[in-house]
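Here the protein sequences come in this chain order: V and G.
Residue 4 is where the first sequence starts when you use the numbering used here, and the numbers rise one by one after that.
Residue 4 is where the second sequence starts when you use the numbering used here, and the numbers rise one by one after that.
Built from N, CA and C at the ideal position, the CB exists for glycine as well.
Number of protein chains: 2
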Amino acid sequence: MPKIKNRMIRQHIESKIGKALTDEEFDYFSSLLRNKSVAPKEVLIHAGDRCSKLYFVQKGALHSFLTDDVGNAHVVQLAFEGHWISDMYSFHMDQPALFTIETLEPCELIVFEKSAIAEACDRLHKIERFFRILAQNAYAAAQYRIARSYSADTESRYLELVDKNPDIVLRVPQFLIASYLGVKPQSLSRIRKQMAERR
Amino acid sequence: MPKIKNRMIRQHIESKIGKALTDEEFDYFSSLLRNKSVAPKEVLIHAGDRCSKLYFVQKGALHSFLTDDVGNAHVVQLAFEGHWISDMYSFHMDQPALFTIETLEPCELIVFEKSAIAEACDRLHKIERFFRILAQNAYAAAQYRIARSYSADTESRYLELVDKNPDIVLRVPQFLIASYLGVKPQSLSRIRKQMAERR
DNA sequence: CGTCTATTTGAATGTACTCAAAAGCGGTGG
DNA sequence: CCACCGCTTTTGAGTACATTCAAATAGACG
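Here is the structure:
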């Protein structure tokens with residue numbers, strides 16, 4: 004029953020734009036999107052493909068990563084309930100995707116096609132605003148992450164990550180967290196050991 | 004004469020949204036912004052302040068940087084003609100600025116106040132769209148930069164930077180370029196030496 | 001219970017770092 | 001015009017920290 008399943012996204016939109024959608028507006032918007040269930044370890048987007056979708060996470064966890072020339076994977080984003088994930092570079096720039104996006108858990112997603120978003124933005128000013136705010140928030144978060152990567156060491160960033168996302172250590176394997184923080188799993192293991200030894 | 008001075012921004016907006024603004028629309032928009040000339044080495048935003056402005060660079064060069072706990076500066080953005088610069092984190096999140104923004108050359112800027120942008124976005128759907136696309140592009144560029152920082156070494160990123168911005172070596176001191184690339188000036192100097200030795 | 005993967009630990013290595021000093025470069029004033 | 005000054009860039013030498021390689025331990029799952 005999509006009305007129930009999409010309640011989360013309606014609240015999400017309304018809270019971002021700071022005003023309510025009419026039922027008519029939301030029904031229209033709702034008709035443009037679809038729900039998708041995905042098993043763990045499924046790849047939604049392969050690096051190199053074109054990505055013309057945005058995914059909203061209703062339930063589950065995913066990560067995006069890139070593989071460098073020597074074959075090492077680097078986690079770029081970890082996404083949980085209420086987050087968005089996609090290859091924004093590919094989506095907005097019409098270029099091959101930089102990242103691969105893969106589920107970590109069974110996921111309930113809402114899929115937004117690029118064409119549907121374009122249409123909704125044309126038709127409803129409120130939806131255009133929503134996506135403006137979404138992009139701004141994402142950009143601000145990216146800036147913050149860049150800032151932290153310069154100004155804080157791995158230990159601080161690990162603690163901040165766990166603090167903001169307490170269940171991350173249960174839901175995401177440590178080697179992916181290490182990768183997200185930009186270090187090797189051995190290094191994160193040693194950092195955690197040091198922290199434990201200091202109590 | 005503002006009409007002439009703002010022609011650049013009008014073209015910029017129209018090219019981003021893919022349609023023309025009426026004279027009426029642009030005159031209204033134009034009335035909300037102001038021009039500003041700034042001498043080199045002037046600080047526009049101090050880290051820690053609230054930043055409620057966006058700057059569009061008509062002429063000149065600027066950089067944003069943050070200072071870490073041990074006093075090292077890290078360049079986050081280099082902005083030239085046709086670019087935007089601000090502390091987007093502060094601007095969108097209403098938090099203290101992460102970065103300091105400083106001119107490198109004499110600059111001609113267009114200043115957008117947050118309140119003016121909010122008003123223009125309310126009034127004109129086209130302007131809302133413009134700022135959506137702007138934020139999306141900025142985010143995509145940030146993702147690309149993160150991807151490159153993982154997958155390419157400093158030498159490749161230096162070459163890419165110079166390639167995309169040939170006059171950067173003339174306009175920006177090398178130690179700032181090094182900082183932008185995330186290394187010490189000594190390291191960039193050595194990298195350049197190695198490149199020269201390989202011919 | 002056995003297999004596969006993740007995590008931990010150890011030892012050696014390497015790359016960028018710090019400290020330090022010299023050389024280069026640009027602008028100012030004598 | 002040249003000498004000096006401040007700042008940037010280069011170069012050298014030693015260091016530190018994450019990395020690599022390797023192996024052992026621990027956990028998860030059929």
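For V41 of chain G, which of G:K117, G:E163, G:K62 and G:K22 has the nearest alpha-carbon?
-> Counting from 1 along the second sequence, the entry for residue 41 of chain G is found at position 38. The shortest C-alpha to C-alpha distance from V41 of chain G to any of G:K117, G:E163, G:K62 and G:K22 is the one to G:K62.
Listing by chain order, which chain G residues have their CB less than 7 Å from the CB of F134 of chain V?
-> Numbered from 1 along the first sequence, position 131 holds the residue referred to as residue 134 of chain V. Simply R135.
For M11 of chain G, which residues in chain V fall below 8 Å Cβ to Cβ?
-> Translated into the one-based positions of the second sequence, residue 11 of chain G becomes position 8. The contacting residues do not exist; M11 of chain G stays about 22 Å from chain V at best.
For chain V, find out if any of its Cβ atoms is closer than 8 Å to the Cβ of A123 of chain G; answer yes or no.
-> Residue 123 of chain G sits at position 120 when you count from the first residue of the second sequence. For A123 of chain G, the answer is no, since every Cβ of chain V falls outside 8 Å of its Cβ.
In chain order, what residues of the same chain have a beta carbon less than 8 Å from the beta carbon of K22 of chain G, not counting five sequence neighbours either side?
-> Taking the first residue of the second sequence as 1, we reach residue 22 of chain G at position 19. Counting only Cβ-Cβ distances below 8 Å, and skipping sequence neighbours, we find K129.
Where DSSP assigns a beta bridge to N38 of chain V, which residues make up the other side?
-> One-based indexing of the first sequence puts residue 38 of chain V at position 35. Looking at the DSSP assignment, N38 of chain V forms a beta bridge with V:I113.
Buried or exposed: where does A199 of chain V fall if 16 or more other Cβ atoms within 10 Å of its Cβ makes it buried?
-> As a first step, residue 199 of chain V must be located in the first sequence, where it is residue number 196. Per the 10 Å Cβ criterion, exposed.
Quick one: list the residues of chain V neighbouring A82 of chain G, beta-carbon separation under 9 Å, in chain order.
-> Taking the second sequence and counting its residues from 1, the one referred to as residue 82 of chain G is at position 79. By Cβ distance, chain V contributes nothing, its closest Cβ being about 14 Å from A82 of chain G, past 9 Å.
Out of curiosity, what's the CA-to-CA distance linking E116 of chain G and N38 of chain G?
-> If you number the second sequence from 1, residue 116 of chain G lands on position 113. If you number the second sequence from 1, residue 38 of chain G lands on position 35. The alpha-carbon of E116 of chain G is positioned some 12 Å away from that of N38 of chain G.
On a CA-only basis, which of G:V172, G:A150 and G:G185 is nearest N225 of chain V? Give me that one, please.
-> Any answer about residue 225 of chain V is impossible in this case: the structure gives chain V only from 4 up to 202.
Under a three-way DSSP split, which group does K62 of chain G fall into?
-> As a first step, residue 62 of chain G must be located in the second sequence, where it is residue number 59. Residue state, collapsed to three classes: strand.
Closer than 7 Å by beta-carbon distance: list the chain V residues that pair up with M198 of chain G, in chain order.
-> By 1-based counting over the second sequence, the position of residue 198 of chain G is 195. Correct list: empty, because the minimum Cβ distance to chain V is about 18 Å.
Do the segment 62-73 of chain V and the segment 104-112 of chain V meet, that is, are 3 or more Cβ pairs less than 8 Å apart?
-> A contact exists between the segment 62-73 of chain V and the segment 104-112 of chain V.
Any beta-carbon of chain G closer than 8 Å to the one on I149 of chain V?
-> Along the first sequence, read from residue 1 onward, the residue named residue 149 of chain V stands at position 146. Yes, contact with chain G.
Taking just the CA atoms, how far does L57 of chain V sit from P99 of chain V?
-> The sequence position of residue 99 of chain V within the first sequence is 96, counting from 1. The sequence position of residue 57 of chain V within the first sequence is 54, counting from 1. Looking at the two C-alpha atoms, the distance is approximately 15 Å.
Where H86 of chain V meets chain G, residues with beta-carbon distance less than 8 Å = Residue mapping note: residue 86 of chain V aligns to position 83 of the first sequence, counting from 1. Residues of chain G with a Cβ closer than 8 Å to the Cβ of H86 of chain V do not exist; the shortest Cβ-Cβ separation is about 14 Å.
Interface residues of chain G around L65 of chain V at Cβ under 9 Å?
-> Against the first sequence, residue 65 of chain V aligns to sequence position 62. Neighbours of L65 of chain V in chain G, taken as residues at a C-beta separation under 9 Å, are lacking, since the least C-beta distance is about 16 Å.
Under 8 Å between C-beta atoms, does H77 of chain G make it to chain V?
-> Position 74 of the second sequence holds residue 77 of chain G. So, interface residue.
Distance between T157 of chain G and V186 of chain G (C-alpha atoms, nearest Å) = By 1-based counting over the second sequence, the position of residue 186 of chain G is 183. By 1-based counting over the second sequence, the position of residue 157 of chain G is 154. Roughly 8 Å between the two C-alpha positions.
Going by CA-CA distance only, name the one from V:D71, V:Q146, V:D170 and V:A123 that's closest to L101 of chain V.
-> Position 98 of the first sequence holds residue 101 of chain V. Cα-wise, what sits closest to L101 of chain V is V:D71.
Is R10 of chain G near E131 of chain V, with beta carbons less than 8 Å apart?
-> Start at 1 with the first residue of the second sequence, and residue 10 of chain G comes out as number 7. Start at 1 with the first residue of the first sequence, and residue 131 of chain V comes out as number 128. Not closer than 8 Å, so no.
Looking at C-beta atoms only, is the number of pairs between the segment 140-147 of chain V and the segment 84-95 of chain G that lie closer than 8 Å three or more?
-> The answer is yes - the segment 84-95 of chain G touches the segment 140-147 of chain V, with three or more Cβ pairs under 8 Å.
Proximal chain G residues relative to H128 of chain V, where beta-carbon distance stays under 8 Å = One-based indexing of the first sequence puts residue 128 of chain V at position 125. Correct list: H128 and E131.
Y31 of chain G to Y183 of chain V span [Cα, whole Å] | Counting from one through the second sequence, the residue named residue 31 of chain G turns up at place 28. Counting from one through the first sequence, the residue named residue 183 of chain V turns up at place 180. Those two C-alpha atoms are separated by around 45 Å.
I2 of chain V bridges to which residues according to DSSP?
-> No statement about residue 2 of chain V is possible, as the shown extent of chain V runs from 4 to 202 and does not include it.
Going by alpha carbons, who is nearest to L36 of chain G out of G:R13, G:H49 and G:L173?
-> The residue given as residue 36 of chain G occupies position 33 in the second sequence. The shortest Cα separation from L36 of chain G among G:R13, G:H49 and G:L173 belongs to G:R13.
Selection from V:E84, V:V172 and V:I194 that minimises the alpha carbon distance to S159 of chain V | Taking the first residue of the first sequence as 1, we reach residue 159 of chain V at position 156. Closest in alpha carbon position to S159 of chain V, among V:E84, V:V172 and V:I194, is V:I194.
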